[in-house]
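Novice: After the structure tokens below, expect a handful of questions from me.
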Ligand code: NAD
Ligand code: UDP
Ligand code: UDP
């Protein structure tokens, strides 16, 4: 279909979610026409209501497991619940979203000759035996455990992306996103940063799973979105996968203590059983992102938590 404007038309699936809503905002700031598609499985319209009046923003309720016929130049495929609580709630739907969603969005990209970026995940490395994780590491995933619907769904999506590249020369970009946090995470999302902040602000016990000695590396949302946009802008030969995340590693117990200190909370730490297959350690090797994208995160954990705590404090109680 002939374009009537020179603006880039960008589809963001999962655009009403935590990362998607920040991405939509940044794309609008850059002057793009943004089509946000979401079925509101793990987010509400609240994350994007402030964008609804924008003349270049459009919100469409749609489930990516069904075909979608629209005309766009670029696709960011973010649709998929990301929190273990959400993706394990309806695991069959999670795999369908990753796999059928990828097939539909790749088919769409192929028909309209769009560039397409997949929001993959550090979970493709599973419970990693190689530390930190470089893109060349093939991972250690339990294919039949409770996290498999997400991990294997995302692994299969990567396979599909690379097969559309090899078979159809479709321009693809695969980002492997490590734990990212910030404003607009859903308060009941179940992920560790939002849980701890919500608990600390309410004076409720901070729920540390296991002994809290497992590690994660937390990236602030603005840094992550910057990485996604840079990856989309790379030459066609750059398919990824590229790790995007913050290489500073923390134990979960350290995070709990930091959140308690920063909120001035009187909450006590309460230990709960460690969920099965919970990865013991995780830290990205971001050498490739640095080399290929000229990208490295710039927001410290203290600054990022400060902004995230301010966001959760501002929510109506
Ligand atoms: P989120 O749950 O806030 O956002 C996901 C969005 O996708 C939600 O708005 C949800 O309603 C939507 N969605 C789910 N299934 C859908 C479907 N079938 N059709 C249409 N929309 C659907 O999570 P997030 O943190 O914003 O994650 C966004 C993407 O980034 C996900 O693909 C996730 O796997 C990936 N990712 C995120 C992180 C992180 O730490 N935030 C880490 C690794 C990967
Ligand atoms: N598809 C879509 N939108 C489009 C084109 C295709 O949702 O604009 C879906 C369609 O459901 C199809 C899938 O993408 O089954 C894969 O498309 P492709 O052309 O790669 O393969 P097909 O299954 O059509 O042979
Ligand atoms: N976690 C925790 N308490 C919580 C939520 C999570 O101790 O209330 C732990 C969880 O067991 C995991 C880490 O924090 O080791 C990160 O969990 P999250 O669900 O945020 O993401 P994951 O990296 O496991 O996908």
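In the numbering used here, the protein residues as written are 11 to 327. Even glycine gets a Cβ: it sits at the ideal position worked out from N, Cα and C.
(1) Which one of 307, 24, 145 and 41 has the shortest CA to CA distance from residue 230?
(2) Are three or more beta carbon pairs between the segment 110 to 126 and the segment 94 to 102 nearer than 8 angstroms?
(3) Looking at the structure shown, is residue 267 part of a helix, part of a strand, or coil, going by DSSP?
(4) Can you tell me whether DSSP reads residue 126 as helix, strand or coil?
(5) Could you name each continuous beta strand (DSSP E) segment of 3 residues or more that falls completely within the segment 124 to 187, going from the start of the chain to the end?
(6) State the DSSP-derived secondary structure class of residue 110, mapped to helix, strand or coil.
(7) Check whether the Cβ atoms of residue 71 and residue 87 sit closer than 8 angstroms, and answer yes or no.
(8) Could you tell me the boundaries of the beta strand (DSSP E) in which residue 261 lies?
(9) So is the beta-carbon of residue 186 under 7 angstroms away from any non-hydrogen atom of ligand 3?
(10) Can you find a heavy atom of ligand 1 that lies under 7 angstroms from the Cβ of residue 96?
(11) For ligand 2, is there any heavy atom lying closer than 7 angstroms to the beta carbon of residue 106?
(12) Please state whether the Cβ-Cβ distance between residue 21 and residue 67 is less than 8 angstroms.
(13) Using 7 angstroms as the cut-off, classify the Cβ of residue 284 as near or not near the heavy atoms of ligand 3, replying yes or no.
(14) Alpha carbon to alpha carbon, how far is residue 62 from residue 16?
(15) Using the beta-carbon count (16 or more within 10 Å), is residue 292 buried or exposed?
(16) Following the continuous beta strand (DSSP E) through residue 34, name the residue where it begins and the one where it ends.
(17) So, residue 185 versus residue 241, is the Cβ gap smaller than 8 angstroms?
(18) Locate the alpha helix (DSSP H) running through residue 316, then write down its first and last residues.
(19) Could you say which of 176, 249, 247 and 205 lies nearest to residue 270 if we only look at CA atoms?
(20) Does the contact criterion of 3 or more C-beta pairs under 8 angstroms hold for the segment 268 to 286 versus the segment 216 to 225?
(21) By the DSSP assignment, the beta strand (DSSP E) with residue 236 in it spans what residues?
(22) Tell me the DSSP secondary structure of residue 206 in three-state form.
(23) Quick check on the burial criterion: 16 or more other C-beta atoms within 10 angstroms. Buried or exposed for residue 2?
(24) Take the Cβ of residue 198 as the centre, count every other Cβ of all protein chains shown within 10 Å, and call the residue buried at 16 or more, exposed below.
(25) What does a CB cutoff of less than 6 angstroms around residue 95 pick up in its chain, not counting 5 residues either side in sequence?
(26) Within 10 Å of its beta-carbon, does residue 59 have 16 or more other beta-carbons around it, so buried, or fewer, so exposed?
(27) What separation, rounded to the nearest whole angstrom, lies between the Cα atoms of residue 80 and residue 69?
(28) Which of the three DSSP states, helix, strand or coil, is assigned to residue 71?
(29) Which residues bound the beta strand (DSSP E) around residue 226?
Specialist: In short:
(1) Per the Cα distances, 307.
(2) Taking a cut-off of 8 angstroms for Cβ pairs, the segment 110 to 126 and the segment 94 to 102 do not touch, as fewer than three such pairs fall below it.
(3) The answer is helix: DSSP assigns residue 267 an H, G or I state.
(4) Secondary structure of residue 126 (DSSP, three-state): strand.
(5) Within the segment 124 to 187, the complete beta strand (DSSP E) runs of at least 3 residues are 125 to 131 and 182 to 187.
(6) Here residue 110 sits in helix by DSSP.
(7) In this structure, the beta-carbon distance from residue 71 to residue 87 does not fall below 8 angstroms.
(8) It spans 259 to 261 - the beta strand (DSSP E) in which residue 261 sits, taken as one unbroken run.
(9) No, the Cβ of residue 186 stays beyond 7 angstroms of every heavy atom of ligand 3.
(10) Ligand 1 approaches residue 96 closely enough that one of its heavy atoms is under 7 angstroms from the residue's Cβ.
(11) The beta carbon of residue 106 sits no closer than 7 angstroms to any heavy atom of ligand 2.
(12) Cβ distance not < 8 angstroms, so residue 21 and residue 67 don't count as in contact.
(13) Flag set: Cβ of residue 284 near ligand 3.
(14) Computed Cα separation, rounded: 21 angstroms.
(15) Buried, since its Cβ has 16 or more Cβ neighbours within 10 Å.
(16) Under the DSSP assignment, residue 34 falls outside any beta strand (DSSP E), being part of the alpha helix (DSSP H) whose first and last residues are 28 to 39.
(17) For residue 185 and residue 241, yes; Cβs fall inside 8 angstroms.
(18) From DSSP, the alpha helix (DSSP H) with residue 316 extends over 311 to 324.
(19) Answer by Cα proximity: 205.
(20) Contact holds: three or more Cβ-Cβ distances are below 8 angstroms.
(21) Per DSSP, residue 236 belongs to no beta strand (DSSP E); it is in the alpha helix (DSSP H), 231 to 242.
(22) In the three-state reduction of the DSSP assignment, residue 206 falls in the helix class.
(23) For the chain, the structure presents residues 11 to 327; residue 2 sits outside this window and is missing.
(24) Taking a 10 Å sphere around the C-beta of residue 198, we find fewer than 16 other C-beta atoms and assign the residue as exposed.
(25) Excluding its 5 nearest sequence neighbours in each direction, residue 95 has C-beta neighbours in its own chain below 6 angstroms: 200, listed in chain order.
(26) Exposed, by the Cβ-count rule.
(27) Their backbone Cα atoms lie some 13 angstroms apart in a straight line.
(28) In this structure, residue 71 counts as strand in the three-state DSSP scheme.
(29) Here the beta strand (DSSP E) through residue 226 covers 225 to 227.
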